Amino acid sequence: MKPWIAALLLAGLTGCGTIKTVTNEAGAVDDLARWESNCHSIPRAYSGVAYQFCNFDGPPRSGSHWSSGAILVDMAASGIADTLLIPYTGYQQFQHGNVPVRRLEY
1 MKPWIAALLL
11 AGLTGCGTIK
21 TVTNEAGAVD
31 DLARWESNCH
41 SIPRAYSGVA
51 YQFCNFDGPP
61 RSGSHWSSGA
71 ILVDMAASGI
81 ADTLLIPYTG
91 YQQFQHGNVP
101 VRRLEY
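Residue 1 is where the sequence shown starts when you use full-length UniProt numbering, and the numbers rise one by one after that.
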């Protein structure tokens, strides 16, 4: 594989909502709370899609953040990744339920 393809894949996966929610669910829900998302919880199954939907559905914010188009592209990529991880995330959903979005003061 060419190095630029690997770099592109790595850059895409590190921003992927699925990777964010599966590897660091506390950080993901803290992001949603900080962004004042309208979501009160996200499911563990298809968590990447739910995370990006909550990101997309939140109020407008200033500063550096993803554009609407980038969020929708990542939502599609997260849908594919979530489908591949459904055996793991489905089991986690069954065992632990949804991940609540904690409302902390930021």
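Just so you know, even glycine gets a beta-carbon here, dropped at the ideal spot from N, CA and C.
The structure presented is a predicted model; accordingly, all values stated were derived computationally and were not measured.
Query raised in the report: Are Met75 and Gly17 touching if we call contact CB-CB under 9 Å?
Result: yes
Report task. Tell me whether Tyr46 is buried or exposed, calling it buried when 16 or more other Cβ atoms sit within 10 Å of its Cβ. Result -> buried
Query - Short Cβ contact (9 Å threshold) for Gly69 with Ser37 - result: no
Requested in this report: Would you kindly check if the distance between the Cβ of Phe56 and the Cβ of Leu72 is under 9 Å?
Outcome: yes
Query raised in the report: Can you list, in chain order, the residues of its chain whose CB lies under 6 Å from that of Gly79, leaving out five sequence neighbours each side?
Result: Val49
Report task. Drop a sphere of 10 angstroms on the beta-carbon of Leu32, count the other beta-carbons inside from all chains shown, and report buried for 16 or more, exposed for fewer. Result -> buried
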